[in-house]
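All the letters of the sequence shown, read from the start, carry residue numbers 224 to 481 under the numbering used here.
One structure is given here, and the rest of the page talks about it.
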Amino acid sequence: MRRSRRGGGGLEFGGSGEDSFVAVVVTKLTGALLFILLLAMVIMALLPKAIEPRATPAAGSAEAEPIPLEVATPEALPEAIAGRPYTLALAARGGRGPLSWAVDGKLPEGLAFDPATAQLRGTPKAGTPEPITLVARVADGDDRASKAMTLVVYQADRPLTTPSRWRPNVPPIPWRAWVEQGFGFLVLFLVYLVGMNAVGGLERWSSRRLAVDAGGAIGLEAEARALRGRFFLYRLVVRLATLAATAALAAWLWRPHP
Numbered sequence: 224m225r226r227s228r229r230g231g232g233g234l235e236f237g238g239s240g241e242d243s244f245v246a247v248v249v250t251k252l253t254g255a256l257l258f259i260l261l262l263a264m265v266i267m268a269l270l271p272k273a274i275e276p277r278a279t280p281a282a283g284s285a286e287a288e289p290i291p292l293e294v295a296t297p298e299a300l301p302e303a304i305a306g307r308p309y310t311l312a313l314a315a316r317g318g319r320g321p322l323s324w325a326v327d328g329k330l331p332e333g334l335a336f337d338p339a340t341a342q343l344r345g346t347p348k349a350g351t352p353e354p355i356t357l358v359a360r361v362a363d364g365d366d367r368a369s370k371a372m373t374l375v376v377y378q379a380d381r382p383l384t385t386p387s388r389w390r391p392n393v394p395p396i397p398w399r400a401w402v403e404q405g406f407g408f409l410v411l412f413l414v415y416l417v418g419m420n421a422v423g424g425l426e427r428w429s430s431r432r433l434a435v436d437a438g439g440a441i442g443l444e445a446e447a448r449a450l451r452g453r454f455f456l457y458r459l460v461v462r463l464a465t466l467a468a469t470a471a472l473a474a475w476l477w478r479p480h481p
C-alpha cells in the first residue's frame with residue numbers, strides 16, 4: 224500500500240511486477256484453451272458427416288435387387304470309391320428364405336440324397352463304368368435354379384480289409400496287400416514246417432513204441448519197414464497239400480481282380 228500522488232491523502236493499492244507477469248500468462252493460457260476447445264467442437268461437429276453411412280438405395284433401384292439364386296456346387300463332383308463312405312453337401316448362392324433341394328437322376332447303388340440337409344451320402348457298392356449325370360434343383364419359394372453335375376465312382380482295388388478293433392486310429396490294411404507282400408506264402412511255409420515236424424515226432428514215437436512192444440528181433444524189421452512206408456505217405460500228403468495251396472494262392476494273385 225502506498226500514498227497517492229494525485230490527491231495527496233488517498234491510499235492506492237498496487238501490485239508488483241511479478242503479479243503482472245502471472246496475470247498475463249494466465250490470460251494467454253485461457254485464450255489458448257478456449258481456442259483449442261472451440262477447434263475441438265468444430266472437428267466433432269464435422270466428424271459425423273465424414274463417416275455418415277451411405278444412404279440405402281431405393282427399393283426400385285438396381286442396387287436393391289437381390290442376388291439371383293444359383294447352385295454353387297461345381298459341375299464335377301468329388302470322386303467316390305466303392306466300399307468307402309461318401310458325403311457331399313450341396314451349396315447355393317443368393318436367394319431369400321429357406322431353400323428346398325432335389326436331385327434328379329439315378330444315383331449309384333448305396334448313395335442317397337437327403338433333401339433336409341442337402342447332402343449326398345452313403346457307401347457306393349460298385350464303381351461306375353462312366354460318369355453319372357445328375358441334376359441338382361434348388362428353390363427358395365420365389366426363385367428356382369438347377370445345375371447339371373457329374374459323379375464318378377471308382378472301383379476299389381482292395382475292398383477286403385483287416386479288422387482294426389484293437390487300434391481304431393490306424394487305417395485297416397487290405398488282406399490282398401498282406402498276401403501280395405508274401406505273408407500268405409510265409410503262412411503256408413510255416414504250416415508245412417509244423418506239419419512235417421508233427422509227422423517226424425509221431426514217427427519217432429511210433430518207432431520207440433514198436434521197439435518196446437516187439438520184445439525181440441522176430442518180425443521187428445517188417446514192422447519197421449511198414450512204419451516207415453506209412454509215414455513216408457504222410458509226408459507226401461503234407462508236401463502235396465502245401466504245394467497245391469501255394470499254387471492256388473499264386474493263381475489267385477495272378478488273376479486280375481475287379
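Here a beta-carbon is modelled for each residue, glycine too, at the ideal position from N, C-alpha and C.
**Item:** Per-residue burial, PHE336 [other beta carbons within 10 Å of its own, 16 or more giving buried]
**Value:** buried
**Prompt:** Who are the near neighbours of PRO301 in its chain, counting only those whose CB is closer than 7 Å to its CB and skipping five residues on each side?
**Reply:** LEU311
**Message:** I'd like to know whether the C-beta atoms of LEU322 and VAL376 end up nearer to each other than 8 Å.
**Reply:** no
**Request:** Output yes or no for whether 8 Å exceeds the beta carbon distance between LEU374 and PRO354.
**Result:** yes
**Asked** To the nearest angstrom, how far is it from the Cα of ALA246 to the Cα of LEU260?
**Response** Straight-line Cα distance between these residues: approximately 21 Å.
**Message:** Report the CB separation of PRO308 from THR346 in whole angstroms; it is logged as a contact under 8 Å.
**Reply:** 5 Å
**Asked** Do ALA379 and ALA305 have their C-beta atoms closer together than 8 Å?
**Response** yes
**Request:** Starting from GLY452, trace the beta strand (DSSP E) both ways and give me its first and last residue.
**Result:** It is not in any beta strand (DSSP E) - GLY452 instead sits in the alpha helix (DSSP H) that spans 443 to 477.
**Request:** Put LEU357 into one of helix, strand or coil per three-state DSSP.
**Result:** strand
**Asked** Since THR373 is in the beta strand (DSSP E), which residue starts that stretch and which ends it?
**Response** 367 to 374
**Request:** Assuming ARG458 and VAL422 form a contact by the criterion Cβ under 8 Å, report the distance between their Cβ atoms to the nearest whole angstrom.
**Result:** 6 Å
**Request:** Just the C-alpha distance for LEU466 and LYS370, rounded to the nearest angstrom, thanks.
**Result:** 59 Å
**Prompt:** For ARG388, does the count of other Cβ atoms within 10 angstroms reach 16, so buried, or fall short, so exposed?
**Reply:** Note that ARG388 has pLDDT 49, beneath the 50 cutoff, so the model's placement of it is unreliable and no number is given.
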